[in-house]
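K.L.:
-2 is the number of the first residue of the sequence shown in the numbering used here; add one for each residue after it.
I have a structure here, written as structure tokens, and I will follow up with some questions on it.
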Amino acid sequence: MGIKIGVLGVGPVGEHIVRVLSERKFPVDGEIIVMATSERTEVIAGKTVSVQKVNADIFKRLDLVFFAGKEGAKGASMEWADIAVKSGCVVIDNGGDFRMYPNIPLVIPEVNMDAVTKDTKHICNPNCSTIQMCGRALPAA
């Protein structure tokens, strides 16, 4: 049994998330639900995808939601992240809305995963240019 995943945003970041989940054979239960501010058809990661208009009911069918791309940027998290969490989803937030909130961990992969517990439901990450400068130096081989 896999994880029911949604991606809010169809810009380059959302497309990349969909592509990486597929490439890494992430255990997805069914199709990834792609959401945006309007219903439409998009080509995402080389596949034609029916993009759903984001609404509160979609989150009830998901376990994990990535906020990404245009709709995942400024504002989308403020409107939808709390609704997603209250619906039972874990939110991984690529937008900047909550990056400095003390009660929401700002997680840098491979650096501070200890900031996340089994009870954490909303995780933020630094923006794409900043995250490159935040990694720990790996020991010399």
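Positions of the beta carbon are idealized from the N, C-alpha and C atoms, including for glycine.
How many Å lie between G92 and G3 at the Cα?
P.N.:
For G92 and G3, the distance between alpha carbons rounds to 15 Å.
K.L.:
Is it right to say P102 is buried, meaning 16 or more other beta carbons lie within 10 angstroms of its own, or is it exposed?
P.N.:
With 16 or more other Cβ atoms within 10 Å, it is buried.
K.L.:
Given G69, which residues of its chain have a CB within under 6 Å of its CB, disregarding the five upstream and five downstream residues?
P.N.:
Any reading at G69 must be qualified, since the residue scores a pLDDT of 49, below 50, and its modelled position is unreliable; no value is offered.
K.L.:
Around the Cβ of S35, are there at least 16 other Cβ atoms within 10 angstroms (buried) or fewer (exposed)?
P.N.:
Exposed, by the Cβ-count rule.
K.L.:
Hey, out of T114, M110, V104, A112, whose CA is closest to N122's CA?
P.N.:
Nearest of T114, M110, V104, A112 to N122, Cα basis: V104.
K.L.:
Less than 6 Å separating the Cβ of L5 from some heavy atom of the ligand NAP?
P.N.:
Because no ligand of any kind appears in the structure shown, any question about the ligand NAP cannot be addressed here.
K.L.:
Ignoring anything shorter than 4 residues, give me the alpha helix (DSSP H) runs that lie fully in the stretch 0 to 72, in order along the chain.
P.N.:
Those alpha helix (DSSP H) runs which fall completely within the stretch 0 to 72 and span 4+ residues are 9 to 20, 53 to 56, 66 to 69.
K.L.:
Report the option in M97, S19, M(-2) whose CA atom is closest to the CA atom of A42.
P.N.:
Ranking the options by Cα distance to A42, first place goes to S19.
K.L.:
What is the DSSP secondary structure of I193, reduced to helix, strand or coil?
P.N.:
Because residue 193 is not part of the residues shown, which for the chain are -2 to 138, the question remains open.
K.L.:
Restricting to Cα atoms, I'd like to know which of R58, M97, P99 is closest to V82.
P.N.:
Ranking the options by Cα distance to V82, first place goes to R58.
K.L.:
Between the C-alpha atoms of G8 and A65, what's the straight-line distance to the nearest angstrom?
P.N.:
Going from the Cα of G8 to the Cα of A65 covers about 7 Å.
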